[in-house]
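Just add 1086 to the spot in the sequence shown (first one is 1) and you have the working numbering.
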Amino acid sequence: MSPFVKLLLLVAVVAAVWFVLVRVRNAQREPVVFTPVEELPDATRDAVDAALANDEVVHAVKLYRDATGSSLMAAKAAIDVRKWKKGA
């Protein structure tokens, strides 16, 4: 086999591997959907805000999950957005 053919095969294999890796990485990125903290009942929203004021992010996430039944990823995203909106 000539060196040119070997090089061409090598380039084709590298391109195929790159294509598969890009497709797999993009397939893993599903959007996180959550209910904003602003839409929660007043008591829950106040409890979440109090926890964030005391830098108790884990407690705030737990309160959010208890109120909504959402996943950990969605709850963390909602709490992060709330912290950002509050300027923390």
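We treat Cβ as the ideally placed atom computed from N, Cα and C, and that holds for glycine.
Q) For Leu-1096, which of helix, strand or coil comes out of DSSP? A) Leu-1096 falls in the helix class under three-state DSSP.
*Does the distance from the C-beta atom of Val-1146 to that of Ala-1137 stay below 8 Å?*
Reading off the sequence, residue 1146 comes out as Ala, not Val. Yes.
Tell me where the alpha helix (DSSP H) around Thr-1130 begins and ends. Bounds of the alpha helix (DSSP H) holding Thr-1130 are 1128–1139.
Discussion item. Check whether the segment 1125–1144 and the segment 1098–1113 touch, using three or more Cβ-Cβ pairs below 8 Å as the test.
Written reply: The segment 1125–1144 is not in contact with the segment 1098–1113.
task: Within its chain, find whatever has a CB closer than 8 Å to the CB of Arg-1127; leave out the 5 residues flanking it on each side and keep chain order.
output: A quick correction: the sequence has Pro, not Arg, at residue 1127. Contacts found: Ala-1153.
Do Pro-1117 and Val-1167 come within 8 Å of each other at the CB atom, strictly closer than that value?
Contact flag unset, no.
Check: Leaving out five residues before and five after Arg-1151 in sequence, what residues of the same chain have Cβ atoms less than 6 Å from its Cβ?
Finding: The answer, listed in chain order, is Ala-1161.
What do you get for Ala-1139, buried or exposed, if any count of 16 or more other CB atoms within 10 angstroms of its CB means buried? Exposed, by the Cβ-count rule.
Q) With a CB to CB cut of under 7 Å and the five nearest residues on each side skipped, what residues in its chain are close to Leu-1232? A) Residue 1232 is absent from the model: the chain starts at 1087 and stops at 1174.
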